[in-house]
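Visitor: Protein chains in written order, with this note's numbering: chain H, 13 to 104; chain L, 2 to 284.
1. Residue range of the alpha helix (DSSP H) that residue 330 of chain L falls in?
2. Ignoring anything shorter than 3 residues or poking outside the stretch 88 to 162 of chain L, list the beta strand (DSSP E) runs there in chain order.
3. Mind checking whether residue 1 of chain L and residue 166 of chain L have CB atoms under 8 Å apart?
4. Determine whether the beta carbon atoms of residue 36 of chain L and residue 7 of chain L lie at a separation below 8 Å.
5. Are the C-beta of residue 46 of chain H and some C-beta of chain L separated by less than 8 Å?
6. Between residue 88 of chain L and chain H, is there a C-beta pair that is closer than 8 Å?
7. Provide the residue span of the alpha helix (DSSP H) that contains residue 94 of chain H, from first to last.
8. If you draw a straight line from the alpha carbon of residue 203 of chain L to that of residue 56 of chain H, how long is it in whole angstroms?
9. Taking buried to mean at least 16 other C-beta atoms within 10 Å of its own C-beta, is residue 314 of chain L buried or exposed?
10. Hey, how far is the Cα of residue 103 of chain H from the Cα of residue 67 of chain H?
11. Applying a beta-carbon distance threshold of less than 7 Å, which residues of chain L neighbour residue 38 of chain H?
12. Can you confirm whether the stretch 138 to 156 of chain L touches the stretch 219 to 233 of chain L when touching is taken to mean that 3 or more C-beta pairs between the two stretches lie within less than 8 Å?
13. The beta strand (DSSP E) spanning residue 195 of chain L covers which residue range?
14. Would you kindly report the start and end of the unbroken beta strand (DSSP E) that includes residue 220 of chain L?
15. Quick check on DSSP: helix, strand or coil for residue 275 of chain L?
16. Restricting to runs no shorter than 4 residues, where is the alpha helix (DSSP H) found entirely within the stretch 53 to 86 of chain L?
17. Quick one: which chain L residues come within Cβ less than 8 Å of residue 26 of chain H?
18. Assuming contact is defined by CB atoms lying nearer than 8 Å, are residue 135 of chain L and residue 118 of chain L in contact in what I supplied?
19. Whole-angstrom Cβ separation of residue 87 of chain H and residue 71 of chain H, contact assumed at under 8 Å?
20. State yes or no: is the beta carbon of residue 30 of chain H nearer than 8 Å to at least one beta carbon in chain L?
21. Please list the partners that residue 139 of chain L has in chain H, where partner means a Cβ-to-Cβ separation under 8 Å.
22. Which value, in whole angstroms, describes the spacing of the CA atoms of residue 24 of chain H and residue 171 of chain L?
23. Mind listing the chain L neighbours of residue 81 of chain H? Cutoff is C-beta to C-beta under 8 Å, in chain order.
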């Protein structure tokens, strides 16, 4: 998924709380995807209106102090993993 | 044909064969399943004369090549049917062993050592629940499909402790569809090694066989073990995920890197007693 694309999470994703800070998503490909608090925010932002660049910018603002390069690498990898699991599609 | 009547998980079934060698193979396959007086729910008939198999009066497969292949078809179908009929549970493709107080679940990819560890742990005093399908219920108790062990006590890698195992060994061969010789060993453990009654799970262990790695056992957080455990489920919906999560919130989880059976048993015993400690007599 390229950074100008607008990922949108699949509807009716089944989620379960695993701990205070972690959620499990039952992905359409059958796997169980663990989201930490930041991961949950990323999935929430995958609403078909934000680009991957938008998600990186929003996270950098809220995480203050993290290098944009590092955040971008993490977000791109995470969004790719979500896409592979079938949790998100490109809504561009 | 005198049918063999047994029970596995929630299913009482019978199997009958028209040839002594086929009956022997069927007995070997169901050797760890307890006898049952319950009403029959599934009936298999194995027809050596015409090289075919029936389930509940319906033709299951015909044109089979040998008695051994009929037995193999029965074995596969038995597992499929029994697992599909099991009551609501998280069905893990893994092993389960019990001490007097709790069970340990062992899972990992094919070749990780589930059967080897099952055999070794039973030889050290644990009770065998399954080495194939472990059914965890919503209360965190486990039962299993008691498959006859596919490894004989003295099979390599040699584990001297397994020489003490009590049971009945049998085997059959057949030529498969591709012309390859298929050899099946069965070791039906004696009843004193078995546990059929549900028991609370006390630990969940991810097996990782690595002869060149550093053996040992380490704690895993629920988030670190759940995806791999979920990948080893037999079927999975929201209900099963709920049970798996509840289990991991309730019991500790570990990764056991194995290089030798002896070391792996010692490592496992540090987190889950293979034999329950003897309780002192009440005063």
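We treat Cβ as the ideally placed atom computed from N, Cα and C, and that holds for glycine. All figures in this text were calculated on a predicted structure; none of them were measured in a lab.
Guide: With the structure as the only source:
1. It is not possible to answer for residue 330 of chain L, since the shown part of chain L is limited to 2 through 284.
2. Here the runs fully enclosed are 91 to 99, 104 to 108, 128 to 131, 134 to 137, 142 to 146.
3. The first residue shown for chain L is 2 and the last is 284, placing residue 1 of chain L beyond what the model contains.
4. The residue you call residue 36 of chain L lines up with position 35 of the second chain. The residue you call residue 7 of chain L lines up with position 6 of the second chain. Against a cut-off of 8 Å, the Cβ pair of residue 7 of chain L and residue 36 of chain L comes out as a contact.
5. The residue given as residue 46 of chain H occupies position 34 in the first chain. By this cut-off, residue 46 of chain H is an interface position.
6. Counted from its first residue, the second chain places residue 88 of chain L at position 87. Cβ-Cβ to chain H under 8 Å: no for residue 88 of chain L.
7. If you number the first chain from 1, residue 94 of chain H lands on position 82. Where residue 94 of chain H is concerned, the enclosing alpha helix (DSSP H) stretches over 80 to 96.
8. Here residue 203 of chain L corresponds to residue number 202 of the second chain, with the count starting at 1. Here residue 56 of chain H corresponds to residue number 44 of the first chain, with the count starting at 1. Going by the C-alpha atoms only, they are around 36 Å apart.
9. This structure cannot settle anything about residue 314 of chain L, because the visible part of chain L is limited to 2 through 284.
10. In the first chain, residue 103 of chain H corresponds to position 91, counting from 1. In the first chain, residue 67 of chain H corresponds to position 55, counting from 1. C-alpha separation (whole angstroms): 15 Å.
11. In the first chain, counting from the first residue as 1, residue 38 of chain H sits at position 26. Per Cβ cutoff of 7 Å: 239, 242.
12. no
13. Within the second chain, numbered from 1, the residue matching residue 195 of chain L stands at position 194. Following the DSSP letters along the chain, one finds residue 195 of chain L in no beta strand (DSSP E), marked with neither H nor E.
14. The residue you call residue 220 of chain L lines up with position 219 of the second chain. Residues 217 to 221.
15. Within the second chain, the letter at position 274 stands for residue 275 of chain L. Note: residue 275 of chain L maps to coil in three-state DSSP.
16. 68 to 86
17. For this step, residue 26 of chain H is matched to residue 14 along the first chain. Neighbours of residue 26 of chain H on chain L, chain order: 239, 242.
18. By 1-based counting over the second chain, the position of residue 135 of chain L is 134. By 1-based counting over the second chain, the position of residue 118 of chain L is 117. No; because the gap between Cβ atoms is not below 8 Å, this pair is not in contact.
19. Walking along the first chain from the start, residue 87 of chain H turns up at place 75. Walking along the first chain from the start, residue 71 of chain H turns up at place 59. At roughly 7 Å, the Cβ-Cβ gap stays under 8 Å, so residue 87 of chain H and residue 71 of chain H are in contact.
20. As a working note, residue 30 of chain H is residue 18 in the first chain. Yes, its Cβ sits closer than 8 Å to a Cβ of chain L.
21. By one-based count along the second chain, residue 139 of chain L stands at place 138. What residue 139 of chain L touches in chain H: nothing, since even the nearest Cβ is about 14 Å away.
22. The sequence position of residue 24 of chain H within the first chain is 12, counting from 1. The sequence position of residue 171 of chain L within the second chain is 170, counting from 1. So the alpha carbons of these two residues sit roughly 51 Å apart.
23. The count along the first chain starts at 1 and reaches residue 81 of chain H at position 69. Within chain L, no residue comes near residue 81 of chain H; the closest Cβ sits about 26 Å away, beyond 8 Å.
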